[in-house]
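These protein sequence lines map, in sequence, to chains A and B. For the record, in the first sequence the residue sitting at position 96 is 96 according to my numbering, with numbers rising by one throughout. If you want my numbering, it's the 1-based position in the second sequence plus 342. Report on the structure given below.
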Amino acid sequence: MTVAAAIRERDVSKLPGKRDEDWRWTDLRGLIRQAPDPSAPLDAASLAAGTFDALAEDVVVVANGHGGAHVGVEPGEAKVVALRIVSRGDGAHAARVSIDVEATGHLVLLETYEGEGAYLSQTGLLISLGQDASVERIVLAADDAEGVTVSQAEVELAPGAEYAQTVLTGGARRQRLQTTVRHPGGHAGLRLDGVYLLDGKRHADLTTVVTHAAVHGTTEQLTKGVVRDQARGVFQGRIVVAQGADHTDARMGHHALILSDRAEVDAKPELEIYADDVSCAHGNTVGALDEDALFYARQRGIPEPDARAMLTEAFIGEVIDRIGHEPAREIARVWAAERLRV
Amino acid sequence: MLSVSNLHAAVEEKAILKGLTLEVPAGEVHAIMGPNGAGKSTLSYVLTGRSGYEVTEGSATLNGEDLLALEPNERAAKGVFLSFQYPLEIPGVPALTFIRTALNAQRKARGEAEITAPEFLKLARAKAAELKIDFDMLKRALNVGFSGGEKKRMEILQMAMLSPRFLILDETDSGLDIDALRIVADGVNALRGPDRGMLVITHYQRLLDYIKPDRVHVLSGGRIVASGGPELALELEREGYDKYARAAA
């Protein structure tokens, strides 16, 4: 993980930049010219309660790179854990978190990125699921407009496991939320969803790489974004179906609304298929709000700002509706509505 | 009620309406008939304020109030309702949510209290039953996957619930079979009253067998070129628009 190395060794030449194909839309090398000082220690006890604390049995806090580094779920156990990645100040920090859900265990992971300042933060997560284990990971990224955040999750699924993820972000100065999944097939199921709602000069990059290694695996992906002002959204989704991974069923959708002339969305959906008998599809649309639908709503008496908010909320709602954990789903809905009603 | 005077309007700088004058008094139903391209849909969009339709001259008022100065939603709150020729699909917004949002927005604009949820549901159930619309359909995203006839019925349902003062029906009969047409027409006729005016825009006379107009106007070349009683519609059905197209040219 080069971002982590750049932070730990205070060597900006190790940051990925536009010459790296996978990072060309999220150039950190060009943005950060000087290695920031390491972040000052931060007392987790001094923090106010997090968004998801009330829903969780355990709250794990990683504050400026330090703190709880492990979440474990025993066989057959079911748990709801809040994981808070907190950044304060203008320094740099990196952290590793490992999450092990053993066979038949069930975890709801409610993860937040909470930032204040012009920090550089990297978090590496290793998430492993045993046979028939299940995880629903909901990520709410509330970074500072001046912050730079990189989150890199590596997910290992065992056969029969179910992994579902929804990443919701308001972006940052530069932000990359990346998920790499090794999919063993064997009737394991995967859902990878995302929502980005960006304004000002915020940037968010949702990157996923899924490798189907063997037969009978499913992947379902739906990412939607709304960008306005001079914001920039990036979606990179790659699904690789290895030779012999027959009967893979993979679907990827990315749809974005651009609400101003200077906002931008870059999307790269990729399917790399080396197996013969697979069912794979992807769809990608980027456009403006439907002016005809907007006029229709206004003709019925709905003022323009309300009509725009209603249509964009409905657009994003399709992703939020897929969140399984109901209280988290409602928090996500409110979060989205607040961002869309401007 | 509705008073349109010497209205000129252009779309992408092409003149479509060229001095249209029309009076629809309260309590009356007027039909606008005309060949394709005469400006029928343009008239409905100009009256409701769709962007891209530029008024270059003339006026349009409802009960003396200048409609053209108002935003589309303000016109709706004043009571102008357009039943669209092609109703839009609104993905992700249940029909009930859409209609309640619209109704409350109109009420708010008029300084009235919002309708309560139980009152709203009671009203929706009653109107849906009158229009033979399955109530469960109102829980689905508005018009998404609905048939042409269902969409038109949904327009009439919204009309019945929003209770507008002035109704514009743009080609409401298109895409309807006879049974659906009868239901839609019954819905429209139920709204006829001394305080309401209606403008029924249609290419064919068929709809006027069900919604009987007080006056019929022929729109051709962007102007009203002939007006008469209901018999004019029958004459048009028999003889076509040719002589009016020539008159306009």
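Note that CB positions come from ideal geometry on N, CA and C, so glycine has one too. Quick caveat: nothing in here was measured; it's all calculated off a predicted structure.
Cutting at 7 Å between CB atoms, please list the residues of its own chain near residue i, excluding the five before and the five after it.
| i | result |
| --- | --- |
| Pro38(A) | Gly91, Ala92, His93 |
| Gly394(B) | Val353 |
| Tyr196(A) | Thr169, Gly171, Ala204, Leu206, Gly225, Gly233 |
| Ser516(B) | Gln427 |
| Arg96(A) | Ala69, Gly124 |
| Pro75(A) | Glu102, Ala103, Thr104, Gly105 |
| Gly283(A) | Gly253 |
For residue i, which residues in the same chain have their Cβ closer than 6 Å to its Cβ, ignoring the five residues on either side in sequence?
| i | result |
| --- | --- |
| Met540(B) | Val371, Leu509 |
| Ala231(A) | Leu198, Asp199, Arg202, Ala263 |
| Asp249(A) | Thr218, Ser279 |
| Gly369(B) | Pro536 |
| Pro327(A) | Leu55 |
| Arg10(A) | Ala35 |
| Leu424(B) | Ser386, Thr390, Ile510 |
| Phe462(B) | Arg442 |
| Ile316(A) | Val195, Lys224, Ala336 |
| Leu222(A) | Asp193, Gly253, Val319 |
Does residue i come out as helix, strand or coil in the three-state DSSP assignment?
| i | result |
| --- | --- |
| Leu404(B) | strand |
| Val215(A) | coil |
| Glu57(A) | coil |
| Asn64(A) | coil |
| Thr2(A) | helix |
| Met343(B) | coil |
| Phe287(B) | The structure shown does not extend to residue 287(B), since chain B spans only 343 to 591, so no value can be given for it. |
| Leu259(A) | coil |
| Leu518(B) | coil |
| Glu456(B) | coil |
| Pro36(A) | coil |
| Arg557(B) | strand |
| Ser562(B) | strand |
| Gly434(B) | coil |
| Gln175(A) | strand |
| Asp144(A) | coil |
| Asp205(A) | strand |
| Ala188(A) | coil |
| Tyr586(B) | helix |
| Asp27(A) | coil |
| Thr384(B) | helix |
| Ser425(B) | strand |
| Lys360(B) | strand |
| Ser393(B) | coil |
| Ala373(B) | strand |
So the candidates are the options; which of them puts its Cα closest to the Cα of residue i?
| i | options | result |
| --- | --- | --- |
| Glu579(B) | Arg548(B), Arg565(B), Gly564(B), Ser569(B) | Arg548(B) |
| Ser489(B) | Ile475(B), Ala502(B), Met501(B) | Ile475(B) |
| Arg467(B) | Met503(B), Glu413(B), Leu424(B), Lys554(B) | Met503(B) |
| Glu272(A) | Phe315(A), Arg251(A), Val240(A) | Val240(A) |
| Leu294(A) | Thr285(A), Val62(A), Met310(A) | Met310(A) |
| Leu140(A) | Glu313(A), Gly185(A), Val167(A) | Val167(A) |
| Ile99(A) | Gln152(A), Leu129(A), Glu77(A), Val150(A) | Leu129(A) |
| Arg329(A) | Leu109(A), His183(A), Glu291(A), Tyr113(A) | Leu109(A) |
| Glu291(A) | Leu473(B), Leu430(B), Ala587(B), Gly421(B) | Leu430(B) |
| Val526(B) | Leu344(B), Met501(B), Pro506(B) | Met501(B) |
| Leu47(A) | Glu116(A), Gln221(A), Arg19(A) | Glu116(A) |
| Leu120(A) | Leu126(A), Arg29(A), Asp22(A) | Arg29(A) |
| Arg341(A) | Ile331(A), Gly324(A), Gly67(A), Glu313(A) | Glu313(A) |
| Ala175(A) | Thr149(A), His187(A), Arg182(A), Pro184(A) | Looking at the sequence provided, one finds Gln at residue 175(A) rather than Ala. Comparing Cα-Cα distances from Gln175(A) to each of Thr149(A), His187(A), Arg182(A), Pro184(A), the minimum goes to Thr149(A). |
For residue i, collect the residues of the same chain with a Cβ closer than 8 Å to its Cβ; drop the 5 residues on either side in sequence, then sort them by chain order.
| i | result |
| --- | --- |
| Arg298(A) | Glu304, Ala307 |
| Ala242(A) | Thr211, His212, Ala213, Ala214, Tyr274, Ala275 |
| Ser383(B) | Gln427, Asp512, Glu513, Ile543 |
| Ala575(B) | Ala373, Met375, Gln547, Leu550, Pro555, Val558 |
| Asn446(B) | Glu456, Ile457 |
Residues of chain C with CB under 7 Å from residue i, in chain order?
| i | result |
| --- | --- |
| Gln547(B) | You won't find chain C in this structure, because its protein chains are A and B. |
Within 9 Å of chain B by C-beta, residues of the segment 297-319 of chain A in sequence order: So the close ones are Ala297, Arg298, Gln299, Arg300, Gly301, Ile302, Pro303, Glu304, Asp306, Ala307, Met310, Leu311, Glu313, Ala314, Phe315, Ile316, Gly317, Glu318.
The segment 431-444 of chain B: positions lying closer than 7 Å to chain A by Cβ: Within the segment 431-444 of chain B, the residues whose Cβ lies closer than 7 Å to any Cβ of chain A are, in chain order, Ile432, Pro433, Gly434, Val435, Thr443, Ala444.
Closer than 7 Å, Cβ to Cβ, to anything on chain B: give me those residues from the segment 281-295 of chain A, in chain order. The segment 281-295 of chain A vs chain B, Cβ under 7 Å: Asp292, Ala293, Phe295.
Using a Cβ cut-off of 9 Å, which residues of the segment 495-526 of chain B contact any Cβ in chain A, in chain order? Correct list: Gln500, Leu504.
Please specify which runs of the alpha helix (DSSP H), each continuous and at least 4 residues long, are wholly inside the segment 225-305 of chain A, giving them in chain order. The qualifying runs are 291-299.
Complete runs of the beta strand (DSSP E) confined to the segment 61-130 of chain A [at least 3 residues]: The beta strand (DSSP E) runs of length 3 or more contained entirely in the segment 61-130 of chain A are, from start to end of the chain, 70-73, 78-88, 92-101, 106-116, 120-129.
For the segment 457-476 of chain B, which residues have a beta carbon sitting closer than 9 Å to at least one beta carbon of chain A? Answer in chain order: no residues at all.
Listed from N- to C-terminal order along the chain, which residues in the segment 355-372 of chain B have their beta-carbon within a distance smaller than 7 Å of any beta-carbon of chain A? Cβ contacts with chain A: none found.
Please give me, in chain order, every unbroken run of the alpha helix (DSSP H) with length at least 4 that falls completely inside the segment 481-543 of chain B. For the segment 481-543 of chain B, whole alpha helix (DSSP H) runs of length 4 or above, ordered along the chain, are 490-504, 520-532.
Closer than 9 Å between beta carbons: that is the criterion. Which residues of the segment 407-427 of chain B meet it against chain A? Answer set for the segment 407-427 of chain B: Glu413, Pro414, Asn415, Glu416, Arg417, Ala418, Ala419, Val422, Phe423, Leu424, Phe426.
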